[in-house]
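What the sequence shown shows, in mature numbering (1 follows the signal peptide of the UniProt record, and there is no 0), is residues -22 to -1, 1 to 113, in sequence order.
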Amino acid sequence: MKNRIAQLGLIISLLFSTLVNSAEIDNIDLKVTMKQMRLAYTQAMKTTSADEFNVRLDEMSKMLAVAQSYNFSPDRAEMSNQGLNKVESVLNSIQKVDVTDTNLDLAKSKLEQVDSLRKEYHKKSKPSVWSLIFG
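Written as structure tokens, this is what we have:
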């Protein structure tokens, strides 16, 4: 009997935690996440320390994972996920190499691709004046 109650309690807690986690995913503030990513990017580009650069790169990767779990509207999902996947590819390529003070400038130049992708995909996601007027 006690074993059944313990099992039932475990099942209920697992279901509850799943509901809470799915609610958290739906409540992601994408704008805040992207701003945090932008801050980490800016700090990575300004640093003169490889250790600091790697910390900022890790922060960007964590924020990217949050952004990738966002539930985009159907008309923007494919394009948005495509852009985020490209950013992930750039970050992964940088993280494959052991970034040191000697190759920090090279890592920063690769990281500039993320900013180019940001500009490209933000431009794509903004509606044109004509679509705003005519729907």
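Even for Gly, the Cβ is constructed at its ideal location relative to N, Cα and C.
Item                                                                                                                                         : Value
Once you ignore the five residues that flank threonine 25 on each side, which residues in its own chain have a CB closer than 6 Å to its CB? : Phe31
From what residue to what residue does the alpha helix (DSSP H) around serine 67 run?                                                        : 52 to 73
Does DSSP put glutamate 2 in a helix, in a strand, or in coil?                                                                               : With a pLDDT of 45 at glutamate 2, under the threshold of 50, the modelled position of this residue cannot be trusted; read the value that follows with caution. Helix at glutamate 2.
Within the chosen definition, does the segment 43 to 53 reach the segment 7 to 15 through at least 3 CB pairs nearer than 8 Å?               : yes
Below 8 Å CB to CB, which residues in the same chain sit around serine 103 once its five sequence neighbours on both sides are set aside?    : Arg54, Met57 and Ser58
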